[in-house]
Amino acid sequence: MKKNAVSLTVFFISLALSIFIFLKVFPAEKDLMVTLDIPDKQTDSLFFVAIGDSLTEGVGDSTESGGFVPLLEDMLAEEAKLNVVESANHGKSGDRSDQVFSRIKKSKDIQEDLAKADFITLTVGGNDLMKIIKSDLFSDINFETFKKPKENYQKNLEKLLALIREYNKTAPIYQLGVYNPFYLSFNQITEMQEIVDLWNLTAEESIKSFDDVFFVPINDNIYSGMNTTNENSENGVNNLLSDADNFHPNNLGYQIIANEFKSKLMTTTKLWLEE
């Protein structure tokens, strides 16, 4: 009987000791849950750089808030479920591809922004095209006129993309195509659509030399306006362009541009949105 009592005493002491050790080694369930409290994906942030010409600057946007850039910020925050989407707008009205190149070369701020960007948007090419059109003063515009200049544009664009890659080797780049602002206002220039198509094809060819660079077409969305009436067509009015110059997008035009950027971005999320 005494032997059984001793055995029971030893058993209970061992059990108590085991429980004590278990509680010391393993935290209570509440503490364990705190340790494994992983932040929700929505607390993540995103930073992108918008660089280029007047379309990046936002000329024609009556709110003067930066054209498509803030619209794209808001759309991505909602679509990608991100709490913070920020951008750096380095758009400058009138810049050709070679001038955007020079600005990047000279600006440490732009270089630093490019280096930390999750992705980059690029609007370029329209002023390269307009330089040729203005030099001919609309008098002798034909497809042949643009063959040689298009080769120069291709070289400049490839140099520009290579320079951007020097500062950021991995961020995807999304280049917006150019559109024909004269389709309704100067419909007598019948070859203008062909020329714009040539310019866009040149850009598409140029980006093939680079990884993770994407072309975002826009001409078909803008050149003839939205739900254009016969009256608008006869008056040469494009309801997606600014009344101030009938050349740059208006607020609705910039919304369409933001939509097209967003659509392309959402098909390539693995390149800029961490899982």
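Reminder that position 255 of the sequence shown reads as 255 in UniProt numbering, one-by-one numbering, no gaps. From the three backbone atoms N, C-alpha and C, an ideal C-beta is built for every residue, glycine too. Keep in mind the model is a prediction, meaning the values are calculated, not measured.
Top-ranked residue by Cα proximity to Thr121, from Glu73, Glu78, Asn152 and Ser65: Translated into positions along the sequence shown, residue 121 becomes position 121. Of Glu73, Glu78, Asn152 and Ser65, the residue nearest in Cα terms is Glu73.
Given a threshold of 16 other Cβ atoms within 10 Å of its Cβ, counted over all protein chains shown, does Leu201 qualify as buried or as exposed? In the sequence shown, the residue the question calls residue 201 occupies position 201. Exposed, since its Cβ has fewer than 16 Cβ neighbours within 10 Å.
Selection from Arg165, Asn127, Gln193 and Asn259 that minimises the alpha carbon distance to Asn180: Numbered from its first residue, the sequence shown carries residue 180 at position 180. Measuring from the Cα of Asn180, the nearest candidate turns out to be Gln193.
Kindly list the residues whose CB is nearer than 7 Å to the CB of Val237, restricted to its own chain and excluding five residues on each side of it in sequence; keep chain order. Against the sequence shown, residue 237 aligns to sequence position 237. Only Leu184 meet the Cβ criterion.
What beta strand (DSSP E) runs, 3 residues minimum, are completely inside the stretch 205-244? Runs of the beta strand (DSSP E) inside the stretch 205-244: 213-216.
Using the Cα positions of Ala171 and Asn235, report the straight-line distance between them to the nearest angstrom. The sequence position of residue 171 within the sequence shown is 171, counting from 1. The sequence position of residue 235 within the sequence shown is 235, counting from 1. Rounded to the nearest whole angstrom, the CA to CA distance from Ala171 to Asn235 is 44 Å.
Mapping DSSP to helix, strand and coil, what is Ile120? The count along the sequence shown starts at 1 and reaches residue 120 at position 120. Correct three-state label for Ile120: strand.
Can you give me the Cβ contacts of Gly91 inside the same chain, cut-off strictly under 6 Å, excluding the 5 residues immediately before and after it? Counting from one through the sequence shown, the residue named residue 91 turns up at place 91. Correct list, in chain order: Gly52, Thr56 and Glu57.
Whole angstroms are fine: how far does the CA of Asp212 sit from the CA of Lys169? The sequence position of residue 169 within the sequence shown is 169, counting from 1. The sequence position of residue 212 within the sequence shown is 212, counting from 1. Roughly 10 Å separates the two Cα atoms.
For Lys106 and Asp197, I'd like the C-alpha separation in whole angstroms. Taking the first residue of the sequence shown as position 1, residue 106 is located at position 106. Taking the first residue of the sequence shown as position 1, residue 197 is located at position 197. Using only the alpha carbons, I get a separation of about 32 Å.
For Val69 versus Asn89, is the C-beta spacing smaller than 7 Å? Translated into positions along the sequence shown, residue 69 becomes position 69. Translated into positions along the sequence shown, residue 89 becomes position 89. It is a contact, given that the beta carbons lie within the stated cut-off.
Where Ile173 sits in the DSSP three-state scheme: Residue 173 sits at position 173 when you count from the first residue of the sequence shown. DSSP places Ile173 in strand when its eight states are reduced to three.
Between Asn259, Leu273 and Val178, which has its C-alpha nearest His248's C-alpha? By 1-based counting over the sequence shown, the position of residue 248 is 248. Restricting attention to Asn259, Leu273 and Val178, the CA atom closest to the CA of His248 is found in Val178.
Local conformation of Glu274 per DSSP, three classes: Here residue 274 refers to the residue found at position 274 of the sequence shown. Reduced to three states, the DSSP call for Glu274 is coil.
Segment limits, alpha helix (DSSP H) that includes Asn156: Numbered from 1 along the sequence shown, position 156 holds the residue referred to as residue 156. Start and end: Lys147 to Tyr167.
So, using beta-carbon positions, are Leu161 and Phe101 closer together than 7 Å? Numbered from its first residue, the sequence shown carries residue 161 at position 161. Numbered from its first residue, the sequence shown carries residue 101 at position 101. Their beta carbons are not under 7 Å apart, which means Leu161 does not touch Phe101 by this criterion.
Answer yes or no: do Gln154 and Ser206 have a C-beta to C-beta separation smaller than 7 Å? Translated into the one-based positions of the sequence shown, residue 154 becomes position 154. Translated into the one-based positions of the sequence shown, residue 206 becomes position 206. Yes. Within cutoff.
Alpha helix (DSSP H) segment containing Ala80, residue limits: Along the sequence shown, one-based indexing puts residue 80 at 80. Looking at the DSSP string, Ala80 is not in any alpha helix (DSSP H), and its letter there is neither H nor E.
Take Glu86 as the anchor and find which of Ser93, Leu76 and Ile133 has the nearest alpha-carbon. Indexing the sequence shown from 1 puts residue 86 at position 86. Taking each of Ser93, Leu76 and Ile133 in turn and checking the Cα distance to Glu86, the smallest one comes out for Leu76.
Where do the ends of the beta strand (DSSP E) carrying Val84 lie? Position 84 of the sequence shown holds residue 84. Where Val84 is concerned, the enclosing beta strand (DSSP E) stretches over Val84 to Gly91.
What are the start and end residues of each continuous alpha helix (DSSP H) run of 4 or more residues lying completely inside the stretch 55-79, in chain order? You should have 68-79.
Which residue or residues does DSSP assign as beta-bridge partners of Ile51? Looking up residue 51 in the sequence shown gives position 51. According to DSSP, Ile51 bridges with His90 and Leu122.
Compute the beta-carbon to beta-carbon distance between Phe48 and Ala117, rounded to the nearest angstrom, for a pair I have assumed lies under 8 Å. Taking the sequence shown and counting its residues from 1, the one referred to as residue 48 is at position 48. Taking the sequence shown and counting its residues from 1, the one referred to as residue 117 is at position 117. Contact between Phe48 and Ala117 is confirmed by a C-beta separation of about 6 Å, below the 8 Å threshold.
C-beta atoms of Leu71 and Ala258 nearer than 7 Å: Start at 1 with the first residue of the sequence shown, and residue 71 comes out as number 71. Start at 1 with the first residue of the sequence shown, and residue 258 comes out as number 258. A contact, by the Cβ cut-off of 7 Å.
Give the DSSP-derived three-state secondary structure of Leu46 in the structure shown. Mapped onto the sequence shown, residue 46 falls at position 46. Assignment of Leu46 by DSSP, reduced to helix, strand and coil, places it in the strand class.
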